[in-house]
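A.B. asks: Sending over a structure as structure tokens; questions will come in a sec.
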Amino acid sequence: MSMLKKAQIIEHEKKGPGIYRMDFFSPEISQKALPGQFIHLKVREEGYHPLLRRPFSIYDVDKDRGQVSILYRVVGLGTHIMAQILPGALMEIMGPLGRPFTLSKEAERVLLVAGGMGFAPLHFLIKELVKGNQVVEVITGARTGEELMGEDDLGRSGVKYSVATQDGSRGFQGRVTGLLEKKLDEGNYDFLYSCGPYPMLEKVVSLASTLGLKGEVSLEEVMACGVGACLGCAAPTRGDKGNLDYKKVCQEGPVFSLEEVFFDG
Amino acid sequence: MSMLKKAQIIEHEKKGPGIYRMDFFSPEISQKALPGQFIHLKVREEGYHPLLRRPFSIYDVDKDRGQVSILYRVVGLGTHIMAQILPGALMEIMGPLGRPFTLSKEAERVLLVAGGMGFAPLHFLIKELVKGNQVVEVITGARTGEELMGEDDLGRSGVKYSVATQDGSRGFQGRVTGLLEKKLDEGNYDFLYSCGPYPMLEKVVSLASTLGLKGEVSLEEVMACGVGACLGCAAPTRGDKGNLDYKKVCQEGPVFSLEEVFFDG
Amino acid sequence: MVDLRVDIAGINMNNPVMSASGCFGYGKEYAAFYKLKEMGALVVKGTTLEPREGNSPPRIAETPAGILNAVGLQNPGIDYVIREELPALQGAGTPVIINIAGNLEEEYIKMVRILDPLEEVQGLEVNISCPNVKLGGMAFGTDQKVAGNLVKAIRSATSKPLIVKLSPNVTDIKEVARAVEEEGADAISLVNTFLGMAIDIHRKKPVLGNLMGGLSGPAIKPLALRMVWQVSQEVKVPVIGMGGIMTAEDALEFIMAGARAVAVGTANFVNPYSIPDIVKGIGEFMVENNYDNLLQLTGAAWRGV
Amino acid sequence: MVDLRVDIAGINMNNPVMSASGCFGYGKEYAAFYKLKEMGALVVKGTTLEPREGNSPPRIAETPAGILNAVGLQNPGIDYVIREELPALQGAGTPVIINIAGNLEEEYIKMVRILDPLEEVQGLEVNISCPNVKLGGMAFGTDQKVAGNLVKAIRSATSKPLIVKLSPNVTDIKEVARAVEEEGADAISLVNTFLGMAIDIHRKKPVLGNLMGGLSGPAIKPLALRMVWQVSQEVKVPVIGMGGIMTAEDALEFIMAGARAVAVGTANFVNPYSIPDIVKGIGEFMVENNYDNLLQLTGAAWRGV
Ligand SMILES: Cc1cc2nc3c(=O)[nH]c(=O)nc-3n(C[C@H](O)[C@H](O)[C@H](O)COP(=O)(O)OP(=O)(O)OC[C@H]3O[C@@H](n4cnc5c(N)ncnc54)[C@H](O)[C@@H]3O)c2cc1C
Ligand SMILES: Cc1cc2nc3c(=O)[nH]c(=O)nc-3n(C[C@H](O)[C@H](O)[C@H](O)COP(=O)(O)OP(=O)(O)OC[C@H]3O[C@@H](n4cnc5c(N)ncnc54)[C@H](O)[C@@H]3O)c2cc1C
Ligand SMILES: Cc1cc2nc3c(=O)[nH]c(=O)nc-3n(C[C@H](O)[C@H](O)[C@H](O)COP(=O)(O)O)c2cc1C
Ligand SMILES: Cc1cc2nc3c(=O)[nH]c(=O)nc-3n(C[C@H](O)[C@H](O)[C@H](O)COP(=O)(O)O)c2cc1C
Ligand code: FES
Ligand code: FES
Chain A
262 MSMLKKAQII EHEKKGPGIY RMDFFSPEIS QKALPGQFIH LKVREEGYHP LLRRPFSIYD
322 VDKDRGQVSI LYRVVGLGTH IMAQILPGAL MEIMGPLGRP FTLSKEAERV LLVAGGMGFA
382 PLHFLIKELV KGNQVVEVIT GARTGEELMG EDDLGRSGVK YSVATQDGSR GFQGRVTGLL
442 EKKLDEGNYD FLYSCGPYPM LEKVVSLAST LGLKGEVSLE EVMACGVGAC LGCAAPTRGD
502 KGNLDYKKVC QEGPVFSLEE VFFDG
Chain B
262 MSMLKKAQII EHEKKGPGIY RMDFFSPEIS QKALPGQFIH LKVREEGYHP LLRRPFSIYD
322 VDKDRGQVSI LYRVVGLGTH IMAQILPGAL MEIMGPLGRP FTLSKEAERV LLVAGGMGFA
382 PLHFLIKELV KGNQVVEVIT GARTGEELMG EDDLGRSGVK YSVATQDGSR GFQGRVTGLL
442 EKKLDEGNYD FLYSCGPYPM LEKVVSLAST LGLKGEVSLE EVMACGVGAC LGCAAPTRGD
502 KGNLDYKKVC QEGPVFSLEE VFFDG
Chain C
28 MVDLRVDIAG INMNNPVMSA SGCFGYGKEY AAFYKLKEMG ALVVKGTTLE PREGNSPPRI
88 AETPAGILNA VGLQNPGIDY VIREELPALQ GAGTPVIINI AGNLEEEYIK MVRILDPLEE
148 VQGLEVNISC PNVKLGGMAF GTDQKVAGNL VKAIRSATSK PLIVKLSPNV TDIKEVARAV
208 EEEGADAISL VNTFLGMAID IHRKKPVLGN LMGGLSGPAI KPLALRMVWQ VSQEVKVPVI
268 GMGGIMTAED ALEFIMAGAR AVAVGTANFV NPYSIPDIVK GIGEFMVENN YDNLLQLTGA
328 AWRGV
Chain D
28 MVDLRVDIAG INMNNPVMSA SGCFGYGKEY AAFYKLKEMG ALVVKGTTLE PREGNSPPRI
88 AETPAGILNA VGLQNPGIDY VIREELPALQ GAGTPVIINI AGNLEEEYIK MVRILDPLEE
148 VQGLEVNISC PNVKLGGMAF GTDQKVAGNL VKAIRSATSK PLIVKLSPNV TDIKEVARAV
208 EEEGADAISL VNTFLGMAID IHRKKPVLGN LMGGLSGPAI KPLALRMVWQ VSQEVKVPVI
268 GMGGIMTAED ALEFIMAGAR AVAVGTANFV NPYSIPDIVK GIGEFMVENN YDNLLQLTGA
328 AWRGV
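The following block contains the structure:
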């Protein structure tokens with residue numbers, strides 16, 4: 262199961278406005294981690310504010326170097342403090358946690374749709390997918406070109422990708438779901454992966470279901486324990502009988518199938 | 262009045278077991294500070310644990326370099342966190358605060374009695390006293406020789422000093438108050454300054470009052486505001502009519518005259 | 028231009044940010060940091076009829092994100108306050124509110140009679156909720172009948188704006204609030220401190236000289252906020268919210284929960300500029316979000332706007 | 028050798044450190060970190076007669092040194108728990124205590140009747156204090172008469188050790204404690220969470236889907252500790268103390284305040300090894316201070332030893 266270890270920060274790099282990449286030395290986690298899983302970080306060693314751990318998707322893994330990376334945006338106290346930590350410091354990390362993406366072998370043409378920070382879990386997935394024989398395409402969106410995430414990594418992965426910006430400064434002008442509609446009109450995909458804010462996911466799921474397209478999304482909910490013990494991270498899903506069924510994002514997710522997810526606004 | 266400024270930590274040095282010296286660059290405070298005064302430090306910039314500021318006596322001042330120093334012992338969360346801060350960092354400091362020692366000009370022979378960490382405020386006082394024509398003598402005590410504080414600084418100040426250790430590893434064997442009794446038997450002092458734990462101060466005050474010796478002590482109480490607004494730091498003193506009168510250590514102290522202080526156990 | 032002015036029971040304040048009683052002395056300490064006219068109103072330390080020496084130390088114990096205090100209403104008595112402290116506050120440019128406490132109804136009434144004619148006093152805050160005194164204090168605030176009777180008696184003794192400060196140490200704060208509103212309170216202050224304690228495991232004794240103390244600071248914010256939310260939907264008189272307000276964001280939470288004004292206590296100890304910083308932050312939030320009048324935000328979280 | 032064993036109402040525990048209900052699932056998640064026999068007793072998630080889907084998200088909001096939760100008693104219902112969860116706990120080597128909650132007295136009684144014959148259940152904890160459900164829940168715990176009547180009815184339906192878990196959202200916790208003791212509670216758990224809330228100032232709405240939630244964690248420790256101090260001096264039955272225990276030092280504060288055993292909730296989320304770490308720390312403290320039996324420390328802060 263999950264481990265709890267102090268891991269050293271090897272590198273800590275600013276990647277954009279308020280966006281950082283943090284690389285940990287953690288051979289155990291790097292060996293076990295699968296795309297879609299996350300780690301649960303203790304931001305401060307001492308004191309009870311912030312109190313809870315913070316979950317971050319695994320962005321990248323380098324098994325040879327024993328390295329695990331996250332990509333994060335500063336949004337509140339915890340991430341603000343994180344952004345000030347220097348390389349060399351130790352952080353207590355727990356993981357890998359959660360249900361990973363399914364690497365569907367049958368699918369021939371796979372499309373990944375990332376909204377903003379939702380790119381984080383998809384990047385690790387892309388790196389695994391491109392190792393197979395499938396056609397892999399990625400679309401990512403952000404408000405502005407400056408906020409587009411991980412383009413350097415995307416370039417390096419060799420995957421085919423296009424971008425959408427709301428201000429039109431780069432690529433398709435509009436939301437990433439607008440670009441998705443276009444893509445779905447043009448191409449013929451048989452599996453879709455997505456991560457992003459709820460309103461975007463809702464749109465993605467509705468577009469996919471119209472076409473009967475299969476796929477998976479990664480959800481976010483505020484977490485307490487991260488291991489399935491507190492029921493704090495419940496996300497509404499469709500139960501077997503179509504009933505509302507709260508599932509634990511930390512343990513039964515964060516990855517859910519398109520059929521499972523449920524949006525009640 | 263007191264100022265609130267971010268000051269840079271110039272140096273941060275371990276001086277003994279759990280004992281550190283921290284030097285700040287703060288020209289304003291270094292200009293204003295008087296022996297016996299303290300500064301009120303904000304340990305962490307972010308988060309509410311620990312919540313309150315922490316008071317530390319001014320240990321040393323270098324007006325030319327605009328430097329203010331404290332000597333502190335790690336006892337709990339706040340000081341534990343402080344001990345990890347690296348030189349170059351900024352800390353918000355408020356001060357100088359409190360009523361300073363009186364530099365009695367009439368006294369010819371002055372004795373200073375320090376118990377443990379109580380040496381901190383006395384060191385700055387010694388440096389000022391030796392500039393005058395008085396005979397200045399210092400006695401300091403600690404549990405062990407290793408825990409004796411600031412001997413390097415005492416040596417440098419050129420003052421005459423003797424030490425007491427409870428384990429007898431250095432100087433007089435026993436408590437500093439035992440050494441004090443001996444000194445009072447031998448010498449003829451007309452002013453006494455002291456700082457240390459309450460039980461020691463109680464003994465010091467009783468010895469001095471038997472001899473009718475005048476002097477001042479510096480007291481400690483847990484503080485909240487540090488500026489006289491909350492009444493949290495009350496210490497029992499003898500009122501005008503001999504009645505119990507709680508005075509504010511932060512504003513009416515930390516220095517009190519021997520006649521004022523009052524010990525109710 | 029944003030309009031931060033509020034009216035609490037006829038007290039005209041330039042902005043909604045007041046000092047919490049007992050956390051601001053009589054103003055002079057913080058006047059060394061900024062001009063008192065920058066604050067909405069100044070509430071002075073709890074005052075009693077006779078001088079009180081207060082509790083034995085330690086009076087403060089820090090807890091995670093909070094502090095326990097057991098000052099025990101140390102104060103020089105009402106006559107001294109009027110003679111020695113109030114004159115300095117005249118011309119400070121901010122309304123002055125006197126917080127009063129007592130063991131007996133009689134004491135409250137005597138004080139109110141003394142204060143009623145004083146022009147330099149813009150309002151009275153009646154503390155029926157101090158957890159740190161043996162008699163009276165909190166007892167008045169934990170039973171709605173007792174609270175109501177006390178307020179009724181005080182109401183008949185003064186025409187000054189009457190703010191009643193409630194104890195949060197109750198099962199149903201709404202009941203007490205309703206009772207004091209009915210008996211003539213012009214405004215309700217929420218909350219005083221929560222009764223708590225800390226134990227020194229090395230001495231095997233309570234840390235505080237008084238054994239128990241009142242918890243304040245960020246730790247209690249969620250509880251205080253809930254009470255402001257409940258009471259402001261229950262009564263018509265304005266609510267003054269407090270409990271753990273450290274930033275403008277915290278103050279805005281209380282305002283959206285239904286507070287017409289807020290008071291800042293513990294935060295002053297950490298950052299002496301708390302009050303002006305919070306005033307500034309509220310103004311900035313309003314500009315950024317296109318509000319011009321603070322009342323647009325009052326109770327917004329339950330009005331559903 | 029120090030003796031950490033305690034007996035709570037006939038439940039023999041190897042040490043005084045239990046899990047707090049709702050913070051430890053049914054044990055299996057933390058069994059991945061350590062052997063459950065290292066804990067004094069395992070209290071499972073609150074269980075109801077029928078399955079409950081729980082409240083809509085977000086269910087968790089962090090506050091300074093605390094968390095608000097509004098899980099809303101999501102659970103698969105008592106039959107499922109007995110069939111699917113309890114078997115795995117047999118042979119775990121630690122006493123298992125089932126926490127039950129209901130809307131109606133009838134529901135409690137039905138559950139107690141179902142649980143009474145089960146050998147794998149060492150004790151019952153009756154939650155009369157959940158702040159996150161619409162009906163029943165906390166209402167049972169805030170009125171001593173209602174609480175007493177419920178306990179009386181439950182008592183007559185079972186001979187199993189009966190722990191009653193009280194709500195801290197009351198004016199006088201001693202009264203409720205006395206009432207449930209009188210009606211047959213074998214032990215009293217203190218405290219459940221404090222009713223609180225948080226507001227998202229950007230959405231101008233409460234953060235939690237359920238609007239209000241229960242505050243737990245270090246923020247509430249001073250309040251919980253005060254209640255343990257008060258109640259343990261008031262009743263003869265043992266008190267199980269909880270609320271913000273993160274370390275062995277915290278646990279020792281509760282023990283010295285009068286708790287016979289302690290429970291650890293929120294701390295598990297931060298450090299999954301909290302419970303064994305605390306057990307170890309208590310033992311170390313006793314060795315360092317020359318105690319050989321935990322009872323020497325129980326209530327030490329008021330026994331004045
Ligand atoms: C499974 C999972 C994977 C995640 N992966 C990433 C990632 O790869 N990169 C990244 O930048 N962020 C990720 N997040 C979100 C990240 O955990 C939060 O941004 C972070 O915890 C905020 O901490 P804070 O102390 O800075 O903010 P806080 O001060 O706690 O909160 C600031 C704001 O963020 C919201 N928030 C807090 N926690 C969460 C949360 N868990 N989910 C959603 N919103 C939250 C709050 O409601 C508030 O509005 C992930 C979340 C989950 C659940
Ligand atoms: C006027 C004044 C001058 C001081 N000068 C110095 C100095 O020069 N060097 C130095 O090392 N210390 C000094 N102290 C004490 C210092 O302020 C405390 O040691 C420090 O605040 C402890 O913080 P903490 O977070 O590490 O400990 P905490 O976790 O807050 O407490 C640890 C222990 O220390 C005790 N404690 C906490 N605050 C105080 C306090 N203000 N006074 C006494 N005991 C306290 C607590 O009761 C507890 O037992 C001074 C105190 C005062 C009032
Ligand atoms: C040191 C201290 C002294 C206090 N004295 C009084 C008082 O005299 N009268 C009163 O009504 N409230 C008093 N209070 C309560 C505060 O006015 C306020 O209600 C409470 O602290 C919550 O606000 P805060 O969290 O912002 O401090 C005192 C609080 C503290 C911390
Ligand atoms: C997420 C969560 C769920 C809880 N669920 C229950 C429950 O089902 N039944 C119950 O009696 N108490 C429940 N509690 C209360 C805890 O058992 C405990 O009384 C409280 O959290 C205080 O302890 P702590 O500060 O150590 O968490 C819950 C607490 C939390 C944080
Ligand atoms: S965060 Fe606790 S169950 Fe998911
Ligand atoms: S610490 Fe507030 S009056 Fe001294």
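Protein chains in written order, with the numbering used here: chain A, 262 to 526; chain B, 262 to 526; chain C, 28 to 332; chain D, 28 to 332.
Beta carbons: idealized from backbone N, C-alpha and C, even for Gly.
State the beta-bridge partners of B/H301 as determined by DSSP.
C.D. replies: For this step, residue 301 of chain B is matched to residue 40 along the second sequence. Answer is B/P316 and B/M355, bridged to B/H301.
A.B. asks: Which residues, in order along the region 262 to 276 of chain C, keep a beta-carbon less than 9 angstroms from a beta-carbon of chain B?
C.D. replies: Listed by position, the residues of the region 262 to 276 of chain C near chain B (Cβ gap below 9 angstroms) are G271 and M273.
A.B. asks: Counting contacts by CB-CB distance shorter than 7 angstroms, is A/Y320 in contact with chain D?
C.D. replies: Position 59 of the first sequence, counting from 1, holds the residue named residue 320 of chain A. No, A/Y320 does not count as interfacial toward chain D.
A.B. asks: Which same chain residues, not among the five before or five after D/A284, have their C-beta less than 6 angstroms away from its C-beta?
C.D. replies: Walking along the fourth sequence from the start, residue 284 of chain D turns up at place 257. Closer than 6 angstroms at Cβ, skipping near neighbours: L252, V255, W256 and A328.
A.B. asks: Round the Cβ separation of D/G99 and D/N237 to the nearest angstrom and send it over; I've been treating them as touching at under 8 angstroms.
C.D. replies: As a position in the fourth sequence, residue 99 of chain D is number 72, starting the count at 1. As a position in the fourth sequence, residue 237 of chain D is number 210, starting the count at 1. So it is a contact: roughly 6 angstroms between Cβ atoms.
A.B. asks: With a CB to CB cut of under 6 angstroms and the five nearest residues on each side skipped, what residues in its chain are close to D/I282?
C.D. replies: As a working mapping, residue 282 of chain D is identified with position 255 in the fourth sequence. L324 and T325, listed in sequence order.
A.B. asks: Would B/C456 pass as an interface residue toward chain C - the criterion being a Cβ-Cβ separation below 7 angstroms?
C.D. replies: As a working mapping, residue 456 of chain B is identified with position 195 in the second sequence. Not one chain C Cβ lies under 7 angstroms of B/C456.
A.B. asks: Closest by CA to C/P103, which one among C/A97, C/N96 and C/E111?
C.D. replies: Residue numbering aside, residue 103 of chain C sits at position 76 when the third sequence is read from its first letter. Cα-wise, what sits closest to C/P103 is C/E111.
A.B. asks: Taking 7 angstroms as the threshold (C-beta atoms), are A/S423 and A/G435 in contact?
C.D. replies: Taking the first residue of the first sequence as 1, we reach residue 435 of chain A at position 174. Taking the first residue of the first sequence as 1, we reach residue 423 of chain A at position 162. Cβ atoms of A/G435 and A/S423: not closer than 7 angstroms.
A.B. asks: Does the beta carbon of D/K231 come closer than 7 angstroms to any beta carbon on chain C?
C.D. replies: The residue labelled residue 231 of chain D in the question sits at position 204 within the fourth sequence. It does; some Cβ of chain C falls within 7 angstroms.
A.B. asks: Let's test the definition: count the other Cβ atoms within 10 Å of the Cβ of A/E447 and tell me whether it reaches 16, buried, or not, exposed.
C.D. replies: To locate residue 447 of chain A, count along the first sequence from 1; it is residue 186. That one is exposed.
A.B. asks: I'd like the span of the alpha helix (DSSP H) that includes D/F60, first residue to last.
C.D. replies: On the fourth sequence, position 33 is the one that residue 60 of chain D refers to. Where D/F60 is concerned, there is no enclosing alpha helix (DSSP H), given that its DSSP letter is neither H nor E.
A.B. asks: Could you pull the DSSP bridge partners for A/K421 from this structure?
C.D. replies: As a first step, residue 421 of chain A must be located in the first sequence, where it is residue number 160. BP columns for A/K421 point to A/E398.
A.B. asks: Terminal residues of the continuous beta strand (DSSP E) containing D/V266?
C.D. replies: Looking up residue 266 of chain D in the fourth sequence gives position 239. Unbroken beta strand (DSSP E) run through D/V266: V266 to M269.
A.B. asks: Inspect the beta-carbon positions of D/L222 and D/N196 and report whether they are closer than 7 angstroms.
C.D. replies: By 1-based counting over the fourth sequence, the position of residue 222 of chain D is 195. By 1-based counting over the fourth sequence, the position of residue 196 of chain D is 169. Yes. Within cutoff.
A.B. asks: List, in order along the chain, the chain B residues whose C-beta lies closer than 8 angstroms to that of A/P311?
C.D. replies: The residue you call residue 311 of chain A lines up with position 50 of the first sequence. Near A/P311 (Cβ distances below 8 angstroms), the residues of chain B are G308.
A.B. asks: Within 7 angstroms (strictly less), CB to CB, does C/V197 reach chain D?
C.D. replies: Locating residue 197 of chain C in the third sequence gives position 170, where the first residue counts as 1. Answer yes: the Cβ-Cβ gap between C/V197 and chain D drops below 7 angstroms somewhere.
A.B. asks: Which chain D residues are close to C/F221, counting only those with a beta carbon under 7 angstroms from its beta carbon?
C.D. replies: For the purposes of this step, residue 221 of chain C is taken as the residue at position 194 of the third sequence. Correct list: L250.
A.B. asks: With DSSP run on the structure shown, which of helix, strand or coil describes B/G376?
C.D. replies: Here residue 376 of chain B refers to the residue found at position 115 of the second sequence. Reduced to three states, the DSSP call for B/G376 is strand.
A.B. asks: Looking at chain A, is there any beta carbon in it that lies within less than 7 angstroms of the beta carbon of D/F361?
C.D. replies: With chain D covering 28 to 332 only, the question about residue 361 of chain D has no answer from this structure.
A.B. asks: Would a check of beta-carbon distances place D/R346 closer than 7 angstroms to chain C?
C.D. replies: The question about residue 346 of chain D has no answer here: the residues shown for chain D are numbered 28 through 332.
A.B. asks: Kindly indicate if chain C contains any beta-carbon less than 7 angstroms away from that of D/T75.
C.D. replies: Working through the fourth sequence from its first residue, we reach residue 75 of chain D at position 48. No, because no Cβ of chain C sits closer than 7 angstroms to the Cβ of D/T75.
A.B. asks: Can you look up B/E389 in the DSSP assignment and give me helix, strand or coil?
C.D. replies: Taking the first residue of the second sequence as 1, we reach residue 389 of chain B at position 128. It is helical.
A.B. asks: What does B/D506 pair with, by DSSP beta-bridge criteria?
C.D. replies: Along the second sequence, one-based indexing puts residue 506 of chain B at 245. B/D506 pairs with B/T498.
A.B. asks: Using a Cβ-Cβ distance cut-off of 7 angstroms, determine whether A/L492 contacts chain D.
C.D. replies: Looking up residue 492 of chain A in the first sequence gives position 231. Yes, A/L492 lies at the interface with chain D (some Cβ there is under 7 angstroms from its Cβ).
A.B. asks: Taking only beta carbons into account, state which residues of the region 337 to 356 of chain A come closer than 7 angstroms to chain B, listed in chain order.
C.D. replies: Those residues of the region 337 to 356 of chain A that come within reach of chain B (Cβ to Cβ, closer than 7 angstroms) are L338, H341 and I342.
A.B. asks: Evaluate contact between the region 269 to 282 of chain C and the region 451 to 468 of chain B, counting only Cβ atoms and requiring at least three cross-stretch pairs below 8 angstroms.
C.D. replies: No contact exists between the region 269 to 282 of chain C and the region 451 to 468 of chain B.
A.B. asks: Taking the alpha-carbon of A/L474 as reference, which of A/A375, A/R370 and A/S430 has the nearest alpha-carbon?
C.D. replies: Position 213 of the first sequence, counted from the start, is the residue given in the question as residue 474 of chain A. It is A/R370 whose Cα lies nearest to the Cα of A/L474.
A.B. asks: Is it buried or exposed for C/V314, if we count other Cβ within 10 angstroms and need 16 for buried?
C.D. replies: Counted from its first residue, the third sequence places residue 314 of chain C at position 287. Exposed.
A.B. asks: Rounded to whole angstroms, what's the CA-CA distance from A/E481 to A/M355? Just pull it up for me.
C.D. replies: Looking up residue 481 of chain A in the first sequence gives position 220. Looking up residue 355 of chain A in the first sequence gives position 94. Their backbone Cα atoms lie some 17 angstroms apart in a straight line.
A.B. asks: Grouping DSSP H, G and I as helix and E and B as strand, with all else coil, what is A/G526?
C.D. replies: As a first step, residue 526 of chain A must be located in the first sequence, where it is residue number 265. Residue confidence for A/G526 is low, a pLDDT of 49 falling below 50, so the modelled location carries little weight and cannot support an answer.
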